[in-house]
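K.L.:
One structure, pasted below without further comment.
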């Protein structure tokens with residue numbers, strides 16, 4: 001009675017995740033957009049390209065002047081899919097008002113070699129790529145912030161002291177994250 005019917009996809013729709021301060025995402029059709037505050041405008045495009053390259057996604061065409069690239073086929077390996085999908089994407093960075101817009105447009109989507117055009121799949125796989133880029137940008141920003149903090153706090157103030165009962169102790173003055181990071185090696 002149910003033979004030949006495609007099973008219903010009961011998964012919730014994919015949600016773009018806006019990571020990082022001041023970032024927000026939008027979704028429309030086959031396009032996902034991440035809006036980032038303008039403070040990163042000069043470094044945003046190289047960071048986006050770096051995220052794509054770090055994931056070993058094939059780049060078919062890249063134009064740094066227009067800050068646009070097109071990927072070749074990106075294979076997605078998801079455990080919740082019987083037949084895996086692959087997609088081609090156009091990724092760009094453009095100013096949009098007081099922010100920078102990272103736009104991911106799904107150019108082609110295939111499952112088992114056949115074109116896919118249903119709205120839920122287009123949203124899921126454009127969002128998938130946007131989330132990869134968004135997470136990569138957040139990691140880059142976090143790494144840069146940690147490096148800056150480590151440089152500015154490379155020295156910590158360490159003093160010998162004693163508690164009220166005369167037991168010796170060390171007092172360390174510095175950023176908690178830096179002290180905690182270096183403590184195991186010191187002990």
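Residue numbers (the UniProt record's numbering): 1 to 187. We put the CB at the ideal spot given by N, CA and C, even for glycine. All values reported here derive from a predicted model rather than from experimental measurement.
#1: CB-CB under 6 angstroms to residue 94, same chain, minus the five flanking residues each way: which ones, in chain order?
#2: Suppose only complete runs of 3+ residues qualify. What are the beta strand (DSSP E) ranges in the segment 65-132, listed by chain order?
#3: Given a threshold of 16 other Cβ atoms within 10 Å of its Cβ, counted over all protein chains shown, does residue 97 qualify as buried or as exposed?
#4: Classify residue 30 as buried or exposed, calling it buried when 16 or more other Cβ atoms lie within 10 Å of its own Cβ.
#5: For the beta strand (DSSP E) that contains residue 172, what are its first and last residues?
#6: So the alpha helix (DSSP H) residue 161 belongs to, where does it begin and stop?
#7: So, for residue 112: in the same chain, excluding its five sequence neighbours on each side, which residues have a beta-carbon less than 8 angstroms away from its beta-carbon?
#8: Given this structure, state the Cα-to-Cα distance separating residue 70 from residue 42, to the nearest angstrom.
#9: Going straight from the alpha carbon of residue 116 to that of residue 108, what length do you get?
#10: Just verifying my parser: in three-state terms, what is the DSSP assignment at residue 32?
#11: Please report the straight-line C-alpha distance between residue 68 and residue 183, rounded to a whole angstrom.
#12: Let me know if residue 45 comes out buried or exposed under the rule of 16 or more other beta-carbons within 10 Å of its beta-carbon.
#13: For residue 171 and residue 178, what's the separation of their Cα atoms in angstroms?
#14: Could you give the distance in angstroms between the alpha-carbon of residue 114 and the alpha-carbon of residue 187?
#15: Would the beta-carbon of residue 47 fall within 8 angstroms of that of residue 140?
#16: Could you round the C-beta distance between residue 88 and residue 64 to whole angstroms and report it? I think they count as a contact, below 8 angstroms.
#17: Let me check understanding here. Comparing Cα to Cα, which of 24, 36, 175 and 79 lies closest to residue 157?
P.N.:
Well, looking at it:
#1: For residue 94, where only same-chain residues beyond five positions count, the Cβ hits under 6 angstroms are 101.
#2: 68-71, 74-76, 85-96 and 99-111
#3: exposed
#4: Buried.
#5: 168-173
#6: Here residue 161 belongs to no alpha helix (DSSP H); instead the beta strand (DSSP E) covers 157-162.
#7: 83 and 84
#8: 21 angstroms
#9: 8 angstroms
#10: strand
#11: 45 angstroms
#12: buried
#13: 14 angstroms
#14: Distance between residue 114 and residue 187, taken at the CA atoms: about 59 angstroms.
#15: yes
#16: With 8 angstroms as the limit, residue 88 and residue 64 do not qualify as a contact, their Cβ atoms being about 20 angstroms apart.
#17: 175
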